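Student:
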Amino acid sequence: MADTTNDEPGTARPPAPEAGATPAPPVEQDQLFRLQMAASDFLLGNAKYFGYLVGLVLLGTLVYGVTTSWLAAREAEEFAAIARIDFKMPKVEQLAQFGLAPMDDKADTTRMANVEEGARRYTAAGDEAHGAAAVYAYLKAADTWERVDKPDQALLALQKASEIGAKDLPGYTAGAAYAAALIDAGKTDEALTLYRDMAGRLDGFYAERSLILLANAQIAAGRQADAKLVIAEFKQRFPQSPRIAEVAALEARAGSAG
């Protein structure tokens, strides 16, 4: 007799699964499986594009690394070339290095000819170098041209150093040296323009120093009103600067002179 326990009248019982049949998976598992298959199909179908992307990233990394290494090697060689010129230059006595004696005996024609040849070599090294190495070579050239009493050549070397437009210390040193030389040559307007360019191109400490040099030069040239504007700009740009006291002294000078 069939077991009808708990069967309500008119209700049909679902057929029992056949022996050995696999139960139907839950709906959630089926959806997850379909999602996994779709993702797998997408990845397999676009595998070559992902390969291209990975390849581009690796290529970019390789190019960056090679370029960085090449630039570092080039800079090292450029500084080495300057050092080789240093080695060939006539030796300077220790007292002369401290400014306690002349650097050269002007009557020694052989020595002075070698110094002038060194100036040419420094200039040529600057022409061939890049960035900080070029600035360094031109600055040494300018100093050496001064030793052989050729100020025009020295000024040209400083101009080349400044026009490189280097950042940070090289850019500040070159610009400040060239501006000072321009003032000595009576070209104050050009010097003031250069100081203004430095103040806008350089950052942080070097921009601060450029503004201070600009205000100093303006006061020396009798342009107190312009100097006061520069001082106001300094206070606005660098309110927390440790050089505020120096700027206050400049402001007092500008006021008393005005």
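Numbered per the numbering used here, the sequence shown spans residues 135 to 392. Each residue gets a CB set at the ideal place from its N, CA and C atoms; glycine is no exception. These figures come from a predicted structure and were not determined experimentally.
(1) When DSSP labels each residue in this structure, what does residue 138 get in the three-state scheme?
(2) Tell whether a beta-carbon distance below 7 Å holds between residue 312 and residue 292.
(3) If you pair each beta-carbon of the region 330-344 with each one of the region 282-302, do three or more pairs fall below 8 Å?
(4) Thinking C-beta only, is residue 253 closer than 7 Å to residue 278?
(5) With a threshold of 8 Å, are at least 3 pairs of Cβ atoms found where one atom belongs to the region 239-257 and the other to the region 217-224?
(6) Taking 8 Å as the limit between beta carbons, can you name the residues of its chain near residue 139, skipping five residues before and five after?
(7) Answer with buried or exposed for residue 368, where buried requires no fewer than 16 other C-beta atoms within 10 angstroms of its C-beta.
(8) When DSSP labels each residue in this structure, what does residue 237 get in the three-state scheme?
(9) Should residue 234 go down as buried or exposed, given a rule of 16 or more other Cβ atoms within 10 Å for buried?
(10) Kindly indicate which residue of 375, 323, 268, 378 has the alpha-carbon position closest to the one of residue 352.
(11) Of all the options 230, 207, 229, 271, which has the alpha carbon lying nearest to the alpha carbon of residue 218?
(12) Candidates 236, 390, 346: which alpha carbon is nearest residue 376's?
(13) Just mark residue 229 as buried or exposed, buried being the case when its beta carbon has 16 or more other beta carbons within 10 Å.
(14) Excluding five sequence neighbours on each side, which residues of the same chain lie with their C-beta closer than 8 Å to the C-beta of residue 249?
(15) So what does DSSP say about residue 353, is it helix, strand or coil?
(16) Excluding sequence positions up to five away, which residues of its chain have a Cβ less than 7 Å from the Cβ of residue 320?
Tutor: Quick answer:
(1) Model confidence at residue 138 stands at a pLDDT of 49, short of 50, so the residue's coordinates are unreliable and nothing is read from them.
(2) Result yes, Cβ atoms of residue 312 and residue 292 sit closer than 7 Å.
(3) With a cut-off of 8 Å, the region 282-302 and the region 330-344 count as touching, because enough Cβ pairs lie within range.
(4) Contact flag set, yes.
(5) In this structure the region 239-257 touches the region 217-224; the number of beta carbon pairs closer than 8 Å is three or more.
(6) Confidence in residue 139 is poor, its pLDDT being 49 and thus under 50, which makes the residue's placement too unreliable to answer from.
(7) Buried is the call here.
(8) Note: residue 237 maps to coil in three-state DSSP.
(9) Exposed, by the Cβ-count rule.
(10) Checked all of 375, 323, 268, 378; the closest Cα to residue 352 is 323.
(11) Ranked by Cα distance from residue 218, the options 230, 207, 229, 271 are led by 271.
(12) When only C-alpha atoms are compared, the closest one is 346.
(13) The residue in question, residue 229, is exposed, as its Cβ has fewer than 16 Cβ neighbours within 10 Å.
(14) Excluding residues up to 5 positions away in sequence, 223, 224, 238, 278, 281, 282 lie with their Cβ nearer than 8 Å to the Cβ of residue 249 in the same chain.
(15) Reduced to three states, the DSSP call for residue 353 is helix.
(16) Nothing listed; no residue qualifies.
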